[in-house]
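Here is the structure we will look at.
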Amino acid sequence: MDKLTSRQFEILEFLRQCQRLGGNAPTFREIADHFGFKSPKSAADHVTALEKKGYVRRRVGCSRGIELVFSERAPDNGTIRVPVLGHIPAGCPETQTEHFHGSIAIDEAMIGCPADHRLFALQVTGDSMKERGIHDGDWVVADTDASPHEGDVVVALIDGENTLKTLAMKRSRYFLKAENPNFPDLIPLGEMVIQGVVRVVLRRMR
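FYI, my numbering numbers position 23 of the sequence shown as 23, with every residue one higher than the one before it.
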C-alpha cells in the first residue's frame with residue numbers, strides 16, 4: 001500500500017469519519033469547503049490520488065460515489081470496519097453487481113490476515129454451501145489479496161456472474177464446487193476470476 005501525503009491522510013480520515021457517522025460520502029465541494037480549498041477540483045485531485053494508491057474507489061456518475069476500499073482498523077478497541085458490498089448467491093449465479101452498503105465491525109483477531117489486505121463483506125443468499133456451514137442470511141468476509149487454493153471458499157466471477165462456492169480442481173482444471181447435492185458444480189466456459197477468499201462467516205442468532 002503506497003504511502004500518503006499528510007493532506008491525503010487528512011482527507012482519508014475525513015472520509016472515514018463520514019462513514020463512521022453513517023452518512024453518505026461527501027461531494028468534492030463538501031471536501032473543498034471542509035479543508036478550505038479554493039475549488040472542488042483540488043478535492044478531486046486528492047481523491048484521484050487516493051484512488052490511484054488503492055484507498056478509495058469512485059462510482060462513475062455519482063456525486064457521492066466515493067467508497068473506501070481498505071478496511072478501517074481501529075487500534076483502540078481491536079476492531080476493523082469492513083465495507084459491505086451487497087449480496088452473494090450461494091445457489092445459482094447472478095449477474096455481477098457491486099454496491100456499497102455501509103460497513104460492519106469485526107474483531108481483528110478473527111480475520112488473521114496482513115494489515116494491508118483489502119477486505120469486503122457480503123450477505124449470503126441461498127443454501128448451496130450449507131454443508132460447509134454457510135447458510136442463507138449469513139455474512140461472509142472475503143480477502144481480495146489472499147492467494148486462493150484448492151478447497152478454499154471463494155467469491156468468484158464465472159462467465160460474467162457472481163457466486164460463492166468451494167474452489168476445486170479436477171484433471172488440472174479449476175471449477176467451483178457446490179456444497180449441497182441439490183446444486184450443480186460450475187465448470188467455467190470462459191473466464192473465472194477469484195474476487196476474494198472467505199476468511200470469516202458471521203451469523204445473527206434469532
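All C-beta atoms, glycine included, are put in the ideal place defined by N, C-alpha and C. This structure is a prediction, so every number in the text was calculated from the model and none was measured.
As the crow flies, the alpha-carbon of R118 is around 28 angstroms from that of P40. For A90, the closest C-alpha among the options T5, S147, E179 and L68 is that of E179. Beta-bridge partners assigned by DSSP to E67: R57. Cβ-Cβ distances below 6 angstroms link P26 to C18 in the same chain, with the five nearest sequence neighbours on each side left out; the list follows chain order.
Judged by DSSP secondary structure, L122 falls within the beta strand (DSSP E) whose first and last residues are L119 to T125. In terms of Cα proximity to V56, the closest of C113, H34, A32 and F120 is F120. Between V140 and V201, the beta carbon gap of about 6 angstroms places them in contact (Cβ cut-off 8 angstroms). When secondary structure is reduced to three states using DSSP, M129 falls in the coil class, being assigned neither helix nor strand.
The beta-carbon distance between E51 and R59, rounded to whole angstroms, is 11 angstroms. This is too long to meet the 8 angstroms contact definition.
Here the C-alpha atom of V84 lies approximately 8 angstroms from the C-alpha atom of Q123. Here the C-alpha atom of V197 lies approximately 17 angstroms from the C-alpha atom of L186. By a beta-carbon distance limit of 8 angstroms, I194 contacts L167. Their separation comes to about 7 angstroms. The Cβ atoms of F28 and R7 lie no closer than 9 angstroms to each other. Counting the other Cβ atoms within 10 Å of the Cβ of H149 gives fewer than 16, which makes it exposed.
Comparing alpha-carbon positions, the option among S42, F175 and N24 lying closest to G65 turns out to be N24.
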